[in-house]
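Enquirer:
Protein chains: 2
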Amino acid sequence: MDDAPQPPGPGPGSAFLLAQIGAHAAMRFAERIGELDLTPPQTGLLRAVAAAPGRSQQALATVLGTPPSRLVALVDQLDERGLVQRRRNPADRRLHALHVTEAGEKLLQRIAEVGRAHDDAMCAALDDAERATLRALLGRIADEQGLTPGVHPGYRHA
Amino acid sequence: MDDAPQPPGPGPGSAFLLAQIGAHAAMRFAERIGELDLTPPQTGLLRAVAAAPGRSQQALATVLGTPPSRLVALVDQLDERGLVQRRRNPADRRLHALHVTEAGEKLLQRIAEVGRAHDDAMCAALDDAERATLRALLGRIADEQGLTPGVHPGYRHA
DNA sequence: GTCGAATCGTTACAAGACAGAACGATTCTC
DNA sequence: GAGAATCGTTCTGTCTTGTAACGATTCGAC
């Protein structure tokens with residue numbers, strides 16, 4: 001753990017608060033899904049596979065912004081636990097089409113529950129109207145910054 | 001780079017957006033101060049030293065949440081570049097009191113400029129009133145979550 | 001058709017960051 | 001004055017990560 005900058009004049013700026021709270025949110029989320037024996041990268045991959053079944057590993061690597069060699073290990077871990085499957089495509093036997101198993105689907109439901117609880121905990125300081133306002137502002141920022149929906153760049157500790 | 005979760009029902013939840021945007025903000029900031037030949041941990045340390053001159057390395061390690069062994073390398077780097085100084089305390093020669101040099105002060109001013117530009121770029125999607133609203137909401141979240149002002153937990157790539 | 005270039009997944013490798021424990025030097029306590 | 005405690009440093013082992021080669025398979029040109 002380290003620290004970073006603190007911006008302009010009076011108190012921290014929005015960018016620093018975003019980075020600080022974002023790192024905190026990521027850590028807390030990692031703790032929560034750790035109880036399901038999952039790491040954040042594993043969770044992200046599982047969600048990405050479920051979002052569009054049958055994609056190749058290379059396609060996923062491109063979308064997730066990770067080197068293909070890293071994806072191999074990730075898929076291995078999920079495969080060993082029976083959460084995803086590699087199916088050879090008869091038309092093009094080079095690529096492995098990834099699919100989520102039933103066990104994977106079940107786990108995804110639990111992940112969604114964890115996500116809701118985490119979301120609620122992070123916004124504990126805000127009432128319902130304020131949460132809606134925050135979410136709208138963040139959505140506009142994410143859009144303007146060109147962030148891919150559902151993809152989180154740069155997690156630590158696989 | 002990896003990815004992470006995407007929360008509840010309709011679209012991403014606030015917690016995911018916070019983590020996603022926060023990581024993005026941290027990366028962009030790292031790029032900006034990279035042009036000043038600084039890493040985020042170095043920048044954070046420099047700011048921390050300036051915030052309270054004369055503190056010991058151990059005191060800083062506690063505040064920043066980093067192991068003392070890591071701080072040594074960081075202080076070395078800043079010392080070699082003449083940005084901070086280790087001054088032995090005559091009263092207690094065990095500890096090294098850290099101080100920012102004039103060159104360090106000058107660099108801090110440039111860092112502040114970079115921080116303002118970064119802040120502005122991150123909020124480009126919002127008008128002034130919306131930025132104030134966002135900042136207020138984020139400030140309350142950071143406070144409620146017990147985050148230490150000015151300290152950013154967990155940066156990657158020193 | 002066939003030969004070469006390109007693509008996919010995998011493996012191997014090297015580089016770097018990190019935390020934790022062990023180590024001298026110095027100071028505090030009794 | 002002797003032992004425990006503190007500070008900074010060094011050392012070591014582990015882990016993660018990106019890059020580069022490697023077979024297998026398919027596509028394109030001729």
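Top line first, the protein sequences correspond to chains Y and R.
Under the UniProt record's numbering, residue 158 is the last one in the first sequence; the count climbs by one each step, no gaps.
Under the UniProt record's numbering, residue 158 is the last one in the second sequence; the count climbs by one each step, no gaps.
Think of the CB as a built atom: it goes at the ideal place given N, C-alpha and C, for glycine as much as any other residue.
Computed from a prediction, not measured in an experiment: that's the story for all the values here.
Please list, in chain order, the chain Y residues whose beta carbon lies closer than 7 Å to that of R/Ser14.
Expert: The contacting residues are Asp119, Met122, Cys123, Arg131, Leu134, Arg135 and Leu138.
Enquirer: Using 8 Å as the cut-off, can you tell me whether the segment 86-103 of chain R makes contact with the segment 16-31 of chain R, which would need three or more C-beta pairs spanning the two stretches below that distance?
Expert: Result no; under three Cβ-Cβ pairs closer than 8 Å.
Enquirer: With burial defined as no fewer than 16 other Cβ atoms inside 10 Å of the residue's Cβ, what is the status of Y/Pro53: buried or exposed?
Expert: Answer is exposed; the Cβ neighbour count stays below 16.
Enquirer: Could you tell me which residues DSSP pairs with R/Ala97 in its beta bridges?
Expert: Paired residue(s): R/Arg87.
Enquirer: Between Y/Gln77 and chain R, is the shortest Cβ-Cβ distance under 9 Å, so that the two count as touching?
Expert: So, not an interface residue.
Enquirer: Less than 6 Å between C-beta atoms, sequence neighbours within five positions excluded: which residues of the same chain meet that for R/His118?
Expert: Around R/His118: Phe29 and Arg32.
Enquirer: Kindly list, in the order they appear in chain R, the residues whose Cβ is closer than 8 Å to that of Y/Gln20.
Expert: Within chain R, the residues near Y/Gln20 are Gly22, Ala142, Leu147, Val151, His152 and Pro153.
Enquirer: Anyone know if the C-beta pair for R/Lys71 and R/Gln85 falls short of 9 Å?
Expert: Here the sequence assigns Leu to residue 71 of chain R, which means Lys is not the residue at that position. The answer is no: Cβ separation not under 9 Å.
Enquirer: Determine the direct distance from the alpha carbon of R/Pro12 to that of R/Ala4, and round the result to whole angstroms.
Expert: In this predicted model, R/Ala4 has a pLDDT of only 48, less than 50, meaning its place in the structure is not dependable enough to derive any value.
Enquirer: Are R/Leu137 and R/Leu46 close, meaning C-beta to C-beta below 9 Å?
Expert: For R/Leu137 and R/Leu46, no; Cβs fall outside 9 Å.
Enquirer: Tell me whether Y/Asp120 sits in a helix, a strand or coil according to DSSP, three-state version.
Expert: If DSSP states are grouped into helix, strand and coil, Y/Asp120 belongs with the helices.
Enquirer: Using the rule of at least 16 other Cβ atoms within 10 Å of the residue's Cβ for burial, across every protein chain shown, is R/Arg110 buried or exposed?
Expert: Exposed, because fewer than 16 other Cβ atoms sit within 10 Å of the Cβ of R/Arg110.
Enquirer: Can you say whether residue 162 of chain R is buried or exposed, counting buried as having 16 or more other CB atoms within 10 angstroms of its CB?
Expert: In the structure displayed, chain R extends from 1 to 158; residue 162 of chain R sits before or after that span and is not available.
Enquirer: From which residue to which residue does the alpha helix (DSSP H) around R/Gly44 run?
Expert: Residues Pro40 to Ala51.
Enquirer: In the DSSP assignment, the alpha helix (DSSP H) including R/Leu64 goes from what residue to what residue?
Expert: That run of the alpha helix (DSSP H) goes Gln57 to Leu64.
Enquirer: What span of residues does the alpha helix (DSSP H) with R/Ala136 cover, start to end?
Expert: Taken as a continuous stretch (DSSP letters only), the alpha helix (DSSP H) holding R/Ala136 covers Asp128 to Glu144.
Enquirer: Name, going along the chain, the residues of the segment 77-109 of chain Y whose beta-carbon falls closer than 8 Å to a beta-carbon of chain R.
Expert: Those residues of the segment 77-109 of chain Y that come within reach of chain R (Cβ to Cβ, closer than 8 Å) do not exist; the list is empty.
Enquirer: Can you tell me which of Y/Arg116, Y/Gly82 and Y/Gly115 puts its alpha carbon nearest to the alpha carbon of Y/Thr101?
Expert: The candidate whose alpha carbon is nearest that of Y/Thr101 is Y/Gly82.
Enquirer: Where do the N-terminal and C-terminal ends of the alpha helix (DSSP H) with Y/Arg32 fall, by residue?
Expert: Where Y/Arg32 is concerned, the enclosing alpha helix (DSSP H) stretches over Ser14 to Gly34.
Enquirer: Taking Y/Ala50 as the query, report the chain R residues whose CB atoms sit under 9 Å from its CB, ordered along the chain.
Expert: Going along chain R, no residue has its Cβ under 9 Å from Y/Ala50, so there is no contact; the nearest lies around 10 Å.
Enquirer: To the nearest angstrom, how far is the alpha carbon of R/Pro68 from that of R/Pro153?
Expert: Looking at the two C-alpha atoms, the distance is approximately 15 Å.
Enquirer: For R/Ile141 versus Y/Met122, is the C-beta distance shorter than 9 Å?
Expert: Yes, these two residues count as a Cβ contact at 9 Å.
Enquirer: If you drop the 5 nearest sequence neighbours on each side, which residues of the same chain put their C-beta closer than 8 Å to that of Y/Leu134?
Expert: Contacts found: Cys123 and Leu126.
Enquirer: Output yes if chain R places a C-beta closer than 9 Å to the C-beta of Y/Ala73; else output no.
Expert: Answer no: the Cβ-Cβ gap between Y/Ala73 and chain R never drops below 9 Å.
Enquirer: What in chain Y is Cβ-close to R/Ala61, meaning under 8 Å?
Expert: Those within 8 Å of R/Ala61 in chain Y number zero; the least Cβ separation is about 10 Å.
Enquirer: Taking 9 Å as the CB-CB limit, is Y/Arg116 close to chain R?
Expert: At least one chain R Cβ lies under 9 Å of Y/Arg116.
Enquirer: Assuming Y/Arg81 is part of the alpha helix (DSSP H), what are its boundary residues?
Expert: Here Y/Arg81 belongs to no alpha helix (DSSP H), and DSSP marks it neither H nor E.
Enquirer: Between R/Pro41, R/Ala73 and R/Leu78, which has its C-alpha nearest R/Gly104's C-alpha?
Expert: When only C-alpha atoms are compared, the closest one is R/Leu78.
Enquirer: Which class does Y/Pro68 belong to by DSSP, given the choice of helix, strand or coil?
Expert: Of the three classes helix, strand and coil, the one that applies to Y/Pro68 here is helix, per DSSP.
Enquirer: Since residue 161 of chain R meets chain Y, which of its residues come closer than 8 Å, beta carbon to beta carbon?
Expert: Missing from the structure shown is residue 161 of chain R; chain R here goes from 1 to 158 and no further.
Enquirer: When the distance is taken between beta carbons, is R/Ala48 closer than 9 Å to R/Val151?
Expert: The answer is yes: Cβ separation under 9 Å.
Enquirer: Let me confirm a value: R/Pro90 is counted as buried when at least 16 other C-beta atoms fall within 10 Å, else exposed. Which label applies?
Expert: It is exposed - the Cβ of R/Pro90 has fewer than 16 other Cβ atoms within 10 Å.
Enquirer: Indicate the three-state DSSP secondary structure (helix, strand or coil) for Y/Gly104 in the structure shown.
Expert: Helix at Y/Gly104.
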